[in-house]
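Per my numbering, the sequence shown starts with residue 244, numbered consecutively.
Idealized CB from N, CA, C, for every residue including glycine.
Inspection log for the structure reproduced underneath, given as structure tokens.
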Amino acid sequence: SNGWQTATLNFVPPGEALCFCLRFTGSGTFRLDALRAFADSTAADLADRACEVALAPGRSEIAETRIQFADECAEVRFCVTGEAGGAVLKSRVADLYGTSVPLADLRVPDGAKRFDGALRFDVVPARPLGQFRIEAWVERDGRRISPYNEIVMTRLERPVFWDQDAPDSPFGCHFLASEPTLRMMKACGINWARLHDAGTEYCGWWNLEREKGQWTFMDEDIQRYRKNRIKIFAQLGTAPAWASHYGDLGCTYMGYFEKFLRPKNNEDFNAYVKTFVTRYKGVIDEYFVWNEPWGRWWESGQDAKFFGKDNAKRDFAELCRGAYRAVKAVDPSIKVAGFNTYGGGGGRLWTAGVLAAGGMEACDIIDFHLYTKNATCLADDSVEQAYRDAVGEIFDKVPNAGGKPIYMSEGQGGSTGSAGGGQRMTGLYRHAITWQPEEDTVGLAEKNCRYTVSLLAQKVAKVFLYTAHGYSSLARAPSFMVLLGADGYPHPGLAAYAHLTRSLEGKPFVRKVALGENRFAYLF
Numbered sequence: 244s245n246g247w248q249t250a251t252l253n254f255v256p257p258g259e260a261l262c263f264c265l266r267f268t269g270s271g272t273f274r275l276d277a278l279r280a281f282a283d284s285t286a287a288d289l290a291d292r293a294c295e296v297a298l299a300p301g302r303s304e305i306a307e308t309r310i311q312f313a314d315e316c317a318e319v320r321f322c323v324t325g326e327a328g329g330a331v332l333k334s335r336v337a338d339l340y341g342t343s344v345p346l347a348d349l350r351v352p353d354g355a356k357r358f359d360g361a362l363r364f365d366v367v368p369a370r371p372l373g374q375f376r377i378e379a380w381v382e383r384d385g386r387r388i389s390p391y392n393e394i395v396m397t398r399l400e401r402p403v404f405w406d407q408d409a410p411d412s413p414f415g416c417h418f419l420a421s422e423p424t425l426r427m428m429k430a431c432g433i434n435w436a437r438l439h440d441a442g443t444e445y446c447g448w449w450n451l452e453r454e455k456g457q458w459t460f461m462d463e464d465i466q467r468y469r470k471n472r473i474k475i476f477a478q479l480g481t482a483p484a485w486a487s488h489y490g491d492l493g494c495t496y497m498g499y500f501e502k503f504l505r506p507k508n509n510e511d512f513n514a515y516v517k518t519f520v521t522r523y524k525g526v527i528d529e530y531f532v533w534n535e536p537w538g539r540w541w542e543s544g545q546d547a548k549f550f551g552k553d554n555a556k557r558d559f560a561e562l563c564r565g566a567y568r569a570v571k572a573v574d575p576s577i578k579v580a581g582f583n584t585y586g587g588g589g590g591r592l593w594t595a596g597v598l599a600a601g602g603m604e605a606c607d608i609i610d611f612h613l614y615t616k617n618a619t620c621l622a623d624d625s626v627e628q629a630y631r632d633a634v635g636e637i638f639d640k641v642p643n644a645g646g647k648p649i650y651m652s653e654g655q656g657g658s659t660g661s662a663g664g665g666q667r668m669t670g671l672y673r674h675a676i677t678w679q680p681e682e683d684t685v686g687l688a689e690k691n692c693r694y695t696v697s698l699l700a701q702k703v704a705k706v707f708l709y710t711a712h713g714y715s716s717l718a719r720a721p722s723f724m725v726l727l728g729a730d731g732y733p734h735p736g737l738a739a740y741a742h743l744t745r746s747l748e749g750k751p752f753v754r755k756v757a758l759g760e761n762r763f764a765y766l767f
């Protein structure tokens with residue numbers, strides 16, 4: 244239809260739900276004027292509010308991200324529509340620390356059906372950077388006649404390598420190749436993307452050669468990272484149904500774990516490696532082989548009976564060896580990570596087994612994973628312990644690990660990796676949510692900063708936080724999220740991490756100084 248219509252949808256809400264989300268999907272142009280929820284069908288004819296206020300970021304280089312740099316004007320645009328003539332636009336600014344500053348009232352011209360302009364929110368001179376919530380509404384004769392509206396803006400210093408490649412930067416994350424996300428990550432000082440979960444579809448064999456010999460590449464997505472000066476740490480992994488025991492197992496749906504069924508024939512896998520690496524020679528400089536082969540995938544996965552659990556470490560080393568040779572045949576300068584181990588007792592055993600099977604000869608980089616919610620930057624903290632568990636065996640057997648850099652290629656400091664969605668990640672929102680927020684935004688931001696500092700103090704060369712994808716809306720608590728909130732815009736943790744990356748970029752760790760009982764200064 245080309246005209247406006249009113250649509251209704253009846254539903255029975257779960258009794259304990261904090262909120263409800265209505266999602267529209269499809270293609271084409273869709274215009275939505277307003278939504279209203281009511282419990283009584285007789286309320287359907289209730290009159291609309293007299294007017295409403297729309298808010299949008301002011302002009303800036305990356306306005307669509309709701310990030311403004313310190314050298315750009317701190318403003319948001321507003322537009323009042325409806326019966327607001329002669330009324331007053333009221334607004335205020337709040338920051339993360341509870342400061343709330345009212346802005347000057349603006350009178351809507353008499354008879355105006357539309358009134359727009361800009362609001363300056365640089366009203367907290369002691370703390371000009373970080374996140375700010377700008378709220379706006381319309382009053383007439385002291386009574387509110389519009390809904391509240393709000394927008395959360397993030398003010399940052401420009402990162403050290405804005406609009407530049409930074410191959411030696413230690414700061415990475417997991418995120419998809421969407422333009423706004425790429426710009427948010429770069430603005431935060433994130434210079435590397437690890438393609439796993441977020442981006443597996445761009446490099447995973449399962450998606451690129453679904454039928455043998457029939458290739459589908461995702462060049463535009465790969466190039467989008469590079470256009471935004473994000474370096475790529477890409478996965479060589481997964482297997483299409485024809486190349487694994489998918490059919491032998493009676494599988495009928497290519498779910499998450501089915502993609503990671505092991506290849507039956509390593510030569511087929513090596514051919515995929517050669518094809519992919521050749522195509523992106525000069526675009527992708529670093530790779531890793533498979534993701535978390537320990538645990539469910541190789542030692543106890545659906546297809547373990549075809550290979551034998553006891554052979555998992557040896558088999559993984561063999562897969563890495565073939566992939567390593569295939570990569571080096573394309574370009575000897577391309578680097579490949581190996582081991583893909585983790586902290587804890589299981590990680591020690593995995594590392595030892597891969598090492599004994601010749602894993603050091605099949606990698607240029609050693610990587611491990613670490614999720615923790617324990618306090619860090621302490622004496623012998625969980626990061627130090629996990630680092631020893633993950634790579635201690637290598638340093639014991641190979642002096643200085645052969646000079647190979649160590650990457651923490653997946654993890655974070657605010658979660659143990661549980662997918663339960665304990666943090667709702669709503670940040671500074673107040674009116675857009677229907678519940679009283681309880682998350683400790685400052686504490687969560689601090690945990691990931693301390694976690695990163697502790698890793699850098701172990702001389703870890705790169706830290707890839709997990710993850711800045713998997714968000715959908717404020718109504719759904721995301722799992723594993725860092726840096727971005729549940730709506731995909733910057734979380735307060737992004738502002739904190741941006742300050743960390745700018746402060747430490749290019750500065751190697753020097754030493755750790757005790758300042759008292761379990762208090763330390765980390766010098767870079």
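>> Going by beta-carbon coordinates alone, are Val526 and Ile465 separated by less than 8 angstroms?
In response: Position 283 of the sequence shown holds residue 526. Position 222 of the sequence shown holds residue 465. It is a contact, given that the beta carbons lie within the stated cut-off.
>> Using DSSP's beta-bridge definition, name the partner residues of Ala580.
In response: In the sequence shown, residue 580 corresponds to position 337, counting from 1. DSSP, once it has assigned bridges, lists Phe531, Ile608 as partnering Ala580.
>> Less than 8 angstroms between the C-beta atoms of Glu636 and Leu598, yes or no?
In response: The residue you call residue 636 lines up with position 393 of the sequence shown. The residue you call residue 598 lines up with position 355 of the sequence shown. Yes. Within cutoff.
>> For the alpha helix (DSSP H) containing Ala337, name the first residue and the last one.
In response: If you number the sequence shown from 1, residue 337 lands on position 94. Element bounds for Ala337: not the alpha helix (DSSP H) but the beta strand (DSSP E), 331-338.
> What whole-angstrom Cβ distance do Leu451 and Ala379 have, given they're in contact under 8 angstroms?
Replying inline: Walking along the sequence shown from the start, residue 451 turns up at place 208. Walking along the sequence shown from the start, residue 379 turns up at place 136. Not quite, the Cβ-Cβ distance comes to about 48 angstroms (not below 8 angstroms), so this is no contact.
> How long is the line joining the alpha carbons of Leu770 and Arg631, rounded to whole angstroms?
Replying inline: A query on residue 770 cannot be resolved here, the shown segment of the chain reaching from 244 to 767 and no further.
>> Measuring straight from C-alpha to C-alpha, what distance separates Ala482 and Gly246?
In response: Numbered from 1 along the sequence shown, position 239 holds the residue referred to as residue 482. Numbered from 1 along the sequence shown, position 3 holds the residue referred to as residue 246. Straight through space, the alpha carbons of Gly246 and Ala482 are spaced by roughly 49 angstroms.
> Mapping DSSP to helix, strand and coil, what is Gly646?
Replying inline: Translated into positions along the sequence shown, residue 646 becomes position 403. Of the three classes helix, strand and coil, the one that applies to Gly646 here is helix, per DSSP.
>> By DSSP's criteria, Phe321 is part of a beta bridge. Which residues make up the other side?
In response: Here residue 321 corresponds to residue number 78 of the sequence shown, with the count starting at 1. DSSP output for Phe321 lists Leu298, Gly360 as bridge partner(s).
> Candidates Gln655, Met396, His439: which alpha carbon is nearest His417's?
Replying inline: As a working mapping, residue 417 is identified with position 174 in the sequence shown. Checked all of Gln655, Met396, His439; the closest Cα to His417 is His439.
> Who are the Cβ neighbours of Gly596 in its own chain at under 6 angstroms, not counting the five residues just before and after it?
Replying inline: Walking along the sequence shown from the start, residue 596 turns up at place 353. Once the five neighbours on either side are set aside, the close Cβ partners of Gly596 are Lys556.
> Thinking C-beta only, is Phe358 closer than 8 angstroms to Val323?
Replying inline: Looking up residue 323 in the sequence shown gives position 80. Looking up residue 358 in the sequence shown gives position 115. It is a contact, given that the beta carbons lie within the stated cut-off.
>> On the DSSP bridge list, what partners appear for Glu748?
In response: On the sequence shown, position 505 is the one that residue 748 refers to. According to DSSP, which records beta bridges pairwise, Glu748 is partnered with nothing at all.
> Do you know whose CA, among Tyr530, Thr684, Gly581, Met603, lies nearest Leu574's CA?
Replying inline: As a position in the sequence shown, residue 574 is number 331, starting the count at 1. It is worth fixing the name first, because residue 574 is Asp in this sequence and not Leu. That would be Tyr530, whose Cα lies nearest to the Cα of Asp574.
> Who does Tyr585 pair with in a DSSP beta bridge?
Replying inline: Position 342 of the sequence shown, counted from the first residue, corresponds to residue 585. Answer is His612, bridged to Tyr585.
> Using a Cβ-Cβ cut-off of 8 angstroms (strictly less than) and excluding sequence neighbours within five positions of Glu393, which residues of its own chain qualify?
Replying inline: Reading the sequence shown from its first residue, position 150 is the one you call residue 393. So the list reads Leu298, Arg376, Ile377, Glu378, Ala379, Tyr672, Arg673, His674, Ala675, once near-sequence residues are dropped.
> Taking Tyr614 as the reference, which of Asp639, Gly586, Leu275, Ala580 has the closest Cα?
Replying inline: Along the sequence shown, one-based indexing puts residue 614 at 371. Checked all of Asp639, Gly586, Leu275, Ala580; the closest Cα to Tyr614 is Gly586.
>> Is Phe263 a contact residue of the ligand ATP, with contact defined as CB to any heavy atom under 7 angstroms?
In response: Ligands in the displayed structure: none, and consequently the ligand ATP is not present.
>> Quick check: what's the CA-CA separation for Ala355 versus Ala313?
In response: For the purposes of this step, residue 355 is taken as the residue at position 112 of the sequence shown. For the purposes of this step, residue 313 is taken as the residue at position 70 of the sequence shown. Between Ala355 and Ala313, the C-alpha separation is close to 35 angstroms.
>> For a test of the three-state rule: what should DSSP assign to Ser658, helix, strand or coil?
In response: Counting from 1 along the sequence shown, the entry for residue 658 is found at position 415. Of the three classes helix, strand and coil, the one that applies to Ser658 here is strand, per DSSP.
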